[in-house]
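*Asks:* Residue numbers (this note's numbering): 1 to 442. From the three backbone atoms N, C-alpha and C, an ideal C-beta is built for every residue, glycine too. Got a structure for you, written out below as structure tokens; questions coming shortly.
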């Protein structure tokens with residue numbers, strides 16, 4: 001298991017993909033499309049795939065999605081398209097995610113897609129952050145004739161896709177491939193650039209941008225009130241996953257990852273990030289990994305498929321349990337954790353377990369770099385950007401829009417994309433309206 005970051009799920013062969021596509025019933029009222037957050041035209045592109053028309057299938061997918069190779073791998077298919085397939089009632093749903101992944105991968109390897117790049121004459125848009133929301137905004141608006149520039153603080157674009165989802169679930173080369181397609185639409189990327197430090201929102205407007213989109217995600221980890229929580233052996237899941245990604249790319253040494261090497265690791269939380277952290281800890285050589293969750297398996301937010309894979313790999317799950325004390329040890333290691341477990345009769349029991357590291361996967365909140373350096377952008381008491389319903393996604397500062405996790409709306413990659421597609425439509429209408437008023441007032 002150690003250092004085994006090879007992608008877990010294997011792709012279809014051409015014959016397998018066509019056979020699977022041919023099982024589709026092409027329902028008059030397709031539940032799969034209703035279950036997709038971005039309303040992907042699933043029956044239409046599956047019909048093209050079933051006939052071997054891979055290029056047509058890709059063209060239909062691109063009508064709704066800028067990241068099909070990503071969505072085909074990490075979307076919650078079991079709760080969305082596949083879960084709403086009419087054949088799911090018989091336990092034989094169409095493997096839509098795997099088909100989407102096949103079409104996207106085949107398209108990239110065969111270089112089928114050659115989109116015409118429209119003239120960038122409709123306006124200029126700055127996008128802050130290159131995660132799923134930012135990439136969706138950039139792709140949608142670039143196709144509509146807007147000149148889009150992305151400003152990313154990391155040395156490589158992709159946000160959570162690049163640094164927060166493990167290689168075995170989403171290979172980084174797949175992310176780079178999808179981003180290259182967006183770059184080919186004429187989108188310009190500025191890397192190692194932090195808005196709020198290198199320059200401000202006002203500076204971007206001064207450079208001539210007509211609208212600005214904030215898709216910066218949530219970078220400040222939440223903290224629990226547990227004695228010992230500030231010990232250096234307590235790590236944040238997102239930062240742990242990011243360091244593993246940097247290690248895998250050769251950017252940092254193995255020693256800088258910390259977790260692994262025969263450690264006993266406890267992960268607090270039971271969402272997909274917690275599962276990712278637990279499975280990654282095993283791959284980095286941890287001897288024992290326990291996920292601690294204060295509720296039951298039926299109440300976890302993680303996908304059941306991800307949970308099943310984690311169990312198969314050896315991750316332990318401690319249900320109805322909470323860590324109530326963390327005992328520090330020497331160097332960068334712990335001695336133990338004290339757990340409290342709620343019993344079936346309502347009583348609680350406490351027991352202490354040896355531990356080397358604790359990984360926190362309990363969420364995060366937005367950083368204040370941008371709003372603290374810009375007048376007019378209001379946030380709620382937790383730091384999330386307040387936005388309007390009309391025009392959708394615009395903040396209290398005219399021309400500044402926000403979407404994705406920074407607004408506390410989406411919960412997954414595809415939900416961030418859905419939110420961003422709505423915001424992209426509003427940005428286009430806003431810029432068109434402003435330019436029309438300028439013409440009228442001349």
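Compute the distance between the beta-carbons of residue 365 and residue 195, then report whether it is under 7 Å.
*Replies:* No. Outside cutoff.
*Asks:* My assumption, with CB atoms under 8 Å, is that residue 127 sits in contact with residue 134. Please give the rounded CB distance.
*Replies:* 5 Å between Cβ atoms; contact.
*Asks:* Check whether the Cβ atoms of residue 361 and residue 273 lie closer than 7 Å to each other.
*Replies:* Taking 7 Å as the Cβ cut-off, residue 361 and residue 273 qualify as a contacting pair.
*Asks:* Expressed to the nearest angstrom, what Euclidean distance is found between the alpha-carbon atoms of residue 139 and residue 146?
*Replies:* Between residue 139 and residue 146, the C-alpha separation is close to 10 Å.
*Asks:* Which of the three DSSP states, helix, strand or coil, is assigned to residue 398?
*Replies:* Reduced to three states, the DSSP call for residue 398 is coil.
*Asks:* Keeping to the same chain, check which residues put their C-beta closer than 8 Å to that of residue 349; ignore five residues upstream and five downstream.
*Replies:* Around residue 349: 340, 341 and 343.
*Asks:* At a cut-off of 6 Å, would you count residue 61 as near the ligand PLP, judging by its Cβ distance to the nearest heavy atom?
*Replies:* As far as ligands go, the structure on display features none, and thus does not contain the ligand PLP.
*Asks:* Report buried or exposed for residue 188, applying the criterion of at least 16 other Cβ atoms within 10 angstroms of its Cβ.
*Replies:* Looking at its Cβ environment, which holds fewer than 16 other Cβ atoms inside 10 Å, residue 188 is exposed.
*Asks:* When the Cα of residue 371 is compared with those of 104, 352, 401 and 345, which residue comes out closest?
*Replies:* Residue 371 has its Cα closest to that of 401, out of 104, 352, 401 and 345.
*Asks:* So with Cβ pairs under 7 Å, would you call residue 133 a contact of chain D?
*Replies:* Included in the structure is just one protein chain, with no chain D present.
*Asks:* Which value, in whole angstroms, describes the spacing of the CA atoms of residue 153 and residue 163?
*Replies:* So the two alpha carbons sit approximately 12 Å from each other.
*Asks:* Using the beta-carbon count (16 or more within 10 Å), is residue 386 buried or exposed?
*Replies:* Classification for residue 386: exposed.
*Asks:* Near residue 78, what residues of its chain come up, given a Cβ to Cβ distance below 7 Å and the 5 sequence neighbours on each side ignored?
*Replies:* Cβ neighbours of residue 78 beyond the five flanking positions: 303, 304 and 305.
*Asks:* Quick check: the stretch 389-396 against the stretch 412-427, are there 3 or more CB pairs under 8 Å?
*Replies:* Result yes; three or more Cβ-Cβ pairs closer than 8 Å.
*Asks:* Among all the DSSP beta bridges, which residues are the ones paired with residue 341?
*Replies:* Answer is 321 and 349.
*Asks:* Using the C-alpha atoms, what's the distance from residue 69 back to residue 413?
*Replies:* Using only the alpha carbons, I get a separation of about 12 Å.
*Asks:* On a CA-only basis, which of 201, 99 and 104 is nearest residue 211? Give me that one, please.
*Replies:* Nearest of 201, 99 and 104 to residue 211, Cα basis: 201.
*Asks:* Starting from residue 424 and walking both ways along the alpha helix (DSSP H), at which residues does that stretch end?
*Replies:* Where residue 424 is concerned, the enclosing alpha helix (DSSP H) stretches over 413-440.
*Asks:* Bridge partners for residue 220 per DSSP, in chain order?
*Replies:* Residue 220 pairs with 365.
*Asks:* Classify residue 19 as buried or exposed, calling it buried when 16 or more other Cβ atoms lie within 10 Å of its own Cβ.
*Replies:* It is exposed - the Cβ of residue 19 has fewer than 16 other Cβ atoms within 10 Å.
*Asks:* How about the stretch 253-264 and the stretch 273-287: do they share at least three Cβ pairs that are nearer than 8 Å?
*Replies:* Verdict: yes, contact present.
*Asks:* How would you write the range of the beta strand (DSSP E) that residue 236 sits in, first residue to last?
*Replies:* Here the beta strand (DSSP E) through residue 236 covers 234-236.
*Asks:* On the DSSP letters alone, give me the boundaries of the alpha helix (DSSP H) that residue 20 sits inside.
*Replies:* Element bounds for residue 20: 14-21.
*Asks:* In this structure, how does DSSP classify residue 65 when only helix, strand and coil are distinguished?
*Replies:* In the structure shown, residue 65 sits in coil (DSSP, three-state: anything other than H, G, I, E or B).
*Asks:* Would you kindly work out how many angstroms separate the C-alpha atoms of residue 38 and residue 420, rounded to a whole number?
*Replies:* Cα to Cα, the separation comes out at about 10 Å.
*Asks:* Which residue or residues does DSSP assign as beta-bridge partners of residue 215?
*Replies:* The partner list for residue 215 (beta bridge, DSSP) is empty, contrary to what the question assumes.
*Asks:* Consult DSSP for residue 5 and reduce its assignment to one of helix, strand or coil.
*Replies:* Three-state DSSP puts residue 5 in coil, outside helix and strand.
*Asks:* Comparing C-alpha positions only, which one of 12, 198 and 142 sits nearest to residue 98?
*Replies:* The residue with the shortest Cα to Cα distance from residue 98 is 12.
*Asks:* Could you give the distance in angstroms between the alpha-carbon of residue 184 and the alpha-carbon of residue 109?
*Replies:* Whole-angstrom Cα-Cα distance: 16 Å.
*Asks:* Can we say the stretch 89-103 touches the stretch 47-65, given the rule of at least three CB pairs closer than 8 Å?
*Replies:* Enough Cβ pairs lie closer than 8 Å, so yes.
*Asks:* The beta strand (DSSP E) spanning residue 188 covers which residue range?
*Replies:* Taken as a continuous stretch (DSSP letters only), the beta strand (DSSP E) holding residue 188 covers 188-190.
*Asks:* Measuring alpha carbon to alpha carbon, tell me which of 389, 399, 42 and 359 ends up nearest residue 375.
*Replies:* For residue 375, the nearest C-alpha among the options comes from 399.
*Asks:* Quick one: measure Cβ to Cβ for residue 334 and residue 233, integer angstroms, because I've assumed they're closer than 8 Å.
*Replies:* Rounded, the Cβ-Cβ distance is 5 Å, consistent with contact.
*Asks:* Does the distance from the C-beta atom of residue 357 to that of residue 289 stay below 7 Å?
*Replies:* It is not a contact, given that the beta carbons lie outside the stated cut-off.
*Asks:* Measuring straight from C-alpha to C-alpha, what distance separates residue 74 and residue 407?
*Replies:* For residue 74 and residue 407, the distance between alpha carbons rounds to 22 Å.
*Asks:* Report yes if the C-beta distance between residue 291 and residue 321 is below 7 Å; otherwise report no.
*Replies:* Not in contact: residue 291 and residue 321 (Cβ atoms no closer than 7 Å).
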